[in-house]
Every structure is written in structure tokens, then in C-alpha cells.
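Asks: Got a structure here, written out as C-alpha cells. Questions coming.
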Amino acid sequence: MILLQTIDLSKQFGDVHACDRVNFTVNKGEFLSLVGSNGAGKTSLVNLISGHLAPDSGRILFEGTDVTFARIHERIRAGIARSFQIVNLFDVLTVFDNVALSIFSRERKIVKIAALADLDRDVRREALDVLSQFGLAAKSAVPAGGLAQGERKLLDVALAYALRPKLLFLDEPTSGVSTREKTQIMDTVSSVVRAGAVTAVIIEHDMDVVFRYSDRIVMMHEGKFLADGTPQEIRANKNVANILLGAPLSA
Ligand SMILES: Nc1ncnc2c1ncn2[C@@H]1O[C@H](COP(=O)(O)OP(=O)(O)OP(=O)(O)O)[C@@H](O)[C@H]1O
Ligand SMILES: [Mg+2]
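Residue 268 in the numbering used here sits at position 13 of the sequence shown, with consecutive numbering throughout.
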């Protein structure tokens, strides 16, 4: 079943075609990776879908509804959430309060920062539940600014997950961490996402990670989709290999 569909979605910055008539389909329940070299258009595509960027042309359908011009919070309410390539945390707030704020924003409740200490019991329980799913419960009381890089990346994913999305975009959830931490982050993220039956699209440069965790892989190059297939199919695709190695494409 199709969850998200873009139709000829385009965005240009000057002469650069960040997204060039992209037809992207995400099926319900899949764990999909979006790959491609620097500047391929991956983040732009996610920005268009999440509402952080307005398209020049084309359409975005989510569960069959046109959300091309919907506001960011309307898309979140419809079930689209995303994390950011550069983490988006409140460093002076505790890990717990970061998650609680995310839950509050989902519920569209106005909350004073000073009142976070006496949250209602449901939010408290839910925040702790999210934190323990992401292995961060022991860090609840630590300011987010005091976390190690791998923990910061996980918390950023947890904030998006706390919005209870149907479709979760993660923009480079393992960037800037060691190989060992990458595995830890991906094991956690994939198990939480699969247990919660959330459909996920991950932007990732490390092809070992991509091949290991994805149901399907889509490759972008210069704003266009160049390949779409199972890990096995993508492994065997010469154009993908050439792009990853920086070699010219075959006709
Ligand atoms: N706000 C902007 N203004 C001008 N150009 C932009 C803007 N955002 C993106 N671009 C350009 O659009 C192209 C696609 O950028 P994008 O960030 O989507 O690539 P990416 O695939 O996410 O790359 P990376 O792997 O480095 O994160 C690049 O050439 C980039 O310089
Ligand atoms: Mg990017």
C-alpha cells in the first residue's frame, strides 16, 4: 500500500536542480534508504516533503491526500515527521524535557518551560517510555548539551519518533559517529521503528549500513532518481557503483 507519493516534484536553486521531476513512492511498512553523493538532492527532497521547502512544481500525496501546500504542523499531524542532518536539540534542557516538549508540541498544548517539571502523568510516562526504547532512560536528567555525539543523534531521532508519525524521515542519523556507534544507533532505530510499525526513510552515506538495514534503496544523483531496488539489486547496479566510486555513468 502506498503511503507517500511525489509526482514530478521539482525544486531549483539558481541553476541547480536540487529535485528534478522526482517521482518517489514510499510503501507502508518499509524501511527505505535514500542514498547519493553530496549535493544529490536528498535533504532537499525531505525538506519538500516535510514542508520546510516549497516546491517549484509537482505534487505530494500522503495517504492519497494532497499535502503539497500544507503547513509543517499540518503534515506532522497527518503523520509525517523528520529528524535533521544537524541535530535540532534544546541543549540547555534535559534529555527528558526535550522529549516531553516534542510530545507537547504534538498535542499542540502550550507549555511554559518552567512548568515542565510538573508534567501530567501521561506525558511523563510516554516520555520515559520513548527514552527507554531509545536506550536513553539513564540520561533523562542530563542536559542534552552534555550528551555524547551518538546519544545526541539518538535523541534527535527520539524527538521525531515522539511525534508518533506514520512516516519518519531520518537525515543522516549516524553521521559523525564511530563505526561501532553507528551499528548501535541503527540497531536501536530499526528495532524501535519496526516494533512501532512506523515506515522509515533514512538518508545514509555508509553503504554497509544501507545494505544491512534497508528493505529498499533509492539512489539520487543531480536531483534525479537513478536507481530503485532491493539491496541485492542495488549492489548489482553498475551506475550505482560508478557514482559511489565517482566514476562516469554508463549509457
Ligand atoms: N537553500 C539552498 N539554497 C541554495 N542552494 C541549495 C539550498 N539547499 C540546497 N541547495 C543546493 O541543492 C543541491 C542539493 O542539496 P541537498 O542538500 O539536497 O543535497 P544532499 O543530497 O542532501 O547532500 P549531502 O549528502 O551533502 O547532505 C546542492 O547543490 C545544494 O548546494
Ligand atoms: Mg543532505
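Where a beta carbon is used, it is the ideal one built from N, C-alpha and C, also for glycine. Just so it is clear, the structure is predicted and the values come from calculations on it, not from any experiment.
With a 10 Å radius around its C-beta and 16 neighbouring C-beta atoms as the bar for buried, classify A506 as buried or exposed.
Replies: Here residue 506 corresponds to residue number 251 of the sequence shown, with the count starting at 1. Any answer about A506 is weak, because its pLDDT of 48 lies below 50 and its placement is not dependable; what the coordinates show is given next. A506 is exposed by the Cβ-count criterion.
Asks: According to the Cβ coordinates, are L289 and L303 closer than 9 angstroms?
Replies: For the purposes of this step, residue 289 is identified with residue 34 of the sequence shown, where counting begins at 1. For the purposes of this step, residue 303 is identified with residue 48 of the sequence shown, where counting begins at 1. Cβ atoms of L289 and L303: not closer than 9 angstroms.
Asks: Per the contact definition of three or more C-beta pairs closer than 8 angstroms, is the segment 443-463 in contact with the segment 275-284?
Replies: Yes, the segment 275-284 touches the segment 443-463.
Asks: Which of helix, strand or coil does DSSP assign to N492?
Replies: Mapped onto the sequence shown, residue 492 falls at position 237. Correct three-state label for N492: coil.
Asks: Here's a check: name, in chain order, each residue in its chain whose Cβ is nearer than 8 angstroms to the Cβ of A417, leaving out the five neighbours to either side.
Replies: On the sequence shown, position 162 is the one that residue 417 refers to. The answer, listed in chain order, is V354, S357, I358, R361, E381, A382 and V385.
Asks: Let's test the definition: count the other Cβ atoms within 10 Å of the Cβ of E406 and tell me whether it reaches 16, buried, or not, exposed.
Replies: Translated into positions along the sequence shown, residue 406 becomes position 151. Classification for E406: buried.
Asks: One question on the structure: do P420 and G334 come within less than 9 angstroms of each other, judged by their Cβ atoms?
Replies: If you number the sequence shown from 1, residue 420 lands on position 165. If you number the sequence shown from 1, residue 334 lands on position 79. Contact flag set, yes.
Asks: Could you tell me the boundaries of the alpha helix (DSSP H) in which F466 lies?
Replies: Indexing the sequence shown from 1 puts residue 466 at position 211. Element bounds for F466: M462 to Y468.
Asks: If you run the structure through DSSP and keep just helix, strand and coil, what is S338?
Replies: By 1-based counting over the sequence shown, the position of residue 338 is 83. Note: S338 maps to coil in three-state DSSP.
Asks: In the DSSP assignment, find the unbroken alpha helix (DSSP H) run with V354 in it and report its ends.
Replies: As a working note, residue 354 is residue 99 in the sequence shown. Element bounds for V354: V350 to E362.
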